[in-house]
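Residue 1198 in this note's numbering sits at position 102 of the sequence shown, with consecutive numbering throughout.
Backbone N, C-alpha and C fix where the C-beta goes; we use that ideal spot for every residue, glycine too.
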Amino acid sequence: MESTESSYVSSPEAARNRSPPPPKSPTSGNVEKPMYIRFLVSNATAGSVIGKGGSTITEFQSKSGARIQLSRNHETFPGTSDRIIMVSGAIDDILKAMELILAKLFDELNVEDNEDVGPRTKVRLIVPNSSCGSIIGKGGATIKSLIEDSQAGIKISPLDNNFYGLNDRLVTLTGTLDEQMQAIDLILSKLCEDPHYSQAMHAPFSYAATYYSMSYAPNGTGGKFPNHKEDRSNSITIGVPDEHIGLVLGRGGRNIMEISQVSGARIKISDRGDFMSGTTDRKVTITGSQRAIHQAECMIMQKVANATERMMD
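And the structure:
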């Protein structure tokens, strides 16, 4: 995996020489719509974003008008030792904050400057798998257009099935500051149009929960489930009334994703019409360690209990 130490590009010189923005930004129609963007930063350079006593992050928030949140040391993106930054607010505010952050991080790096095009490095955005289609487009038409319009390299990682409950992918942008900022602007304009994108905002740093039953490699990058019978072979099937399945799933699968992330268990719901014998209860199969299964079952039953109480009111 590429190091996030070289994942950012900006420089005071490049910022001064940036060409004026086009008359109309791709996101200008959604400028007031609350949005967010998440990306990775190495633990080593995270301190430069925070600053002494939080001075830098406070300054950036004041200058941009955006909210900047940084995950804690143990809250890293699965498969990496990198922390997550979430920038939220109006589109223009997000773009201002992103440029401030990338410029600051560039100062921490030793990036070789090409006199013709300026320094070129990478930044990795975190995008929900459900929203990647809006970036890719039919037959890859949208991502091809984004690459042509921004001149940045844009690559979307495959979904890493080694991590149960992980539903995000990494979108790597390669290029100069201008190219990356243009790509971010264009990508945000696409995500603005996706009604499911905002749902991931409720738990931006929830990945730590998926590690409950995971092993760690010596370098701390995480790993697959350990090869213990106890963690792999346990499985139970419970019944959930068909009318309550929607509440267990949540809009766009949000609830069941959260239950899977928090518990570390795998959860599978039977198809419509596939009921527990002699009932109209759908089959919910939970797989994982005993602790993960118990936690997932409790969370599912709580959802059902809450739904039942609402129906009785």
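Three-state secondary structure (DSSP) at residue i?
i, result
"Gln-1165", "strand"
"Met-1372", "coil"
"Ala-1392", "helix"
"Arg-1362", "strand"
"Arg-1216", "coil"
"Ser-1271", "According to the sequence as given, residue 1271 is Gly; it is not Ser. Strand, per DSSP."
"Phe-1301", "coil"
"Phe-1173", "coil"
"Gly-1150", "helix"
"Gly-1346", "coil"
"Asp-1203", "helix"
"Ser-1138", "coil"
"Ser-1253", "coil"
"Gly-1236", "helix"
"Gly-1384", "coil"
"Asp-1264", "strand"
"Asp-1178", "coil"
"Asp-1189", "helix"
"Asp-1281", "helix"
"Asp-1338", "helix"
"Asp-1377", "strand"
Leaving out five residues before and five after residue i in sequence, what residues of the same chain have Cβ atoms less than 7 Å from its Cβ?
i, result
"Thr-1123", "Because the pLDDT of Thr-1123 is 48, which lies under 50, any placement of that residue in the model is unreliable, and the number read from its coordinates should be weighed accordingly. Around Thr-1123: Ile-1187, Asp-1281, Leu-1284, Ser-1285, Cys-1288."
"Ser-1227", "Leu-1287, Asp-1290, His-1292, Tyr-1293"
"Ser-1103", "Confidence in Ser-1103 is poor, its pLDDT being 37 and thus under 50, which makes the residue's placement unreliable; the coordinate value appears in the next sentence. Taken in chain order, the residues that qualify are Leu-1136, Thr-1217, Lys-1218, Val-1219, Arg-1220."
"Leu-1255", "Asn-1225, Arg-1265"
"Glu-1275", "Ser-1246, Gln-1247, Ala-1248"
Among the options, which one has its Cα closest to the Cα of residue i?
i, options, result
"Ile-1363", "Gly-1374, Asn-1169, Arg-1378", "Arg-1378"
"Gln-1386", "Gly-1360, Asp-1370, Gln-1247, Ala-1279", "Gly-1360"
"Asn-1263", "Asn-1139, Gln-1357, Val-1145, Glu-1393", "Gln-1357"
"Asp-1338", "Ile-1355, Arg-1350, Ile-1365", "Ile-1365"
"Ser-1373", "Ala-1193, Thr-1333, Thr-1176", "Thr-1333"
"Gln-1278", "Lys-1200, Lys-1251, Thr-1270, Ser-1246", "Ser-1246"
"Ile-1382", "Gln-1391, Ser-1241, Leu-1166", "Gln-1391"
"Leu-1061", "Glu-1195, Ser-1158, Gly-1150", "The structure shown does not extend to residue 1061, since the chain spans only 1097 to 1409, so no value can be given for it."
For residue i, which residues from the same chain have a beta carbon less than 8 Å from its beta carbon, with the 5 sequence-adjacent residues on both sides left out?
i, result
"Val-1400", "Val-1336, Pro-1337, His-1340, Leu-1343, Val-1344"
"Gly-1271", "Val-1105, Arg-1216, Ser-1246, Gln-1247, Ala-1248, Gly-1249, Ala-1279"
"Gly-1346", "Ile-1352, Met-1353, Glu-1354"
"Ile-1232", "Thr-1238, Ile-1239, Ile-1252"
"Glu-1393", "Ile-1332, Ile-1334, Ile-1382"
"Gly-1147", "Ile-1153, Thr-1154, Glu-1155"
"Thr-1375", "Gly-1335"
"Asn-1169", "Asn-1139, Arg-1179"
"Ser-1241", "Gly-1233"
Mind checking whether residue i and residue j have CB atoms under 7 Å apart?
i, j, result
"Thr-1152", "Glu-1204", "no"
"Ala-1162", "Ala-1199", "no"
"Asn-1330", "Ile-1389", "yes"
"Val-1145", "Ile-1190", "no"
"Ile-1164", "Phe-1173", "no"
"Phe-1371", "Glu-1171", "no"
"Ser-1167", "Arg-1179", "yes"
Return the chain-ordered list of same chain residues with a C-beta closer than 6 Å to the C-beta of residue i, the five sequence neighbours on each side being excluded.
i, result
"Val-1267", "Leu-1221, Val-1223, Ile-1252"
"Ile-1243", "Ile-1250"
"Val-1380", "Ile-1334, Val-1336, Ile-1365"
"Arg-1368", "none"
"Ser-1230", "Lys-1286, Asp-1290"
"Gly-1143", "none"
At least three beta-carbon pairs within less than 8 Å, the stretch 1175–1190 to the stretch 1131–1149
yes
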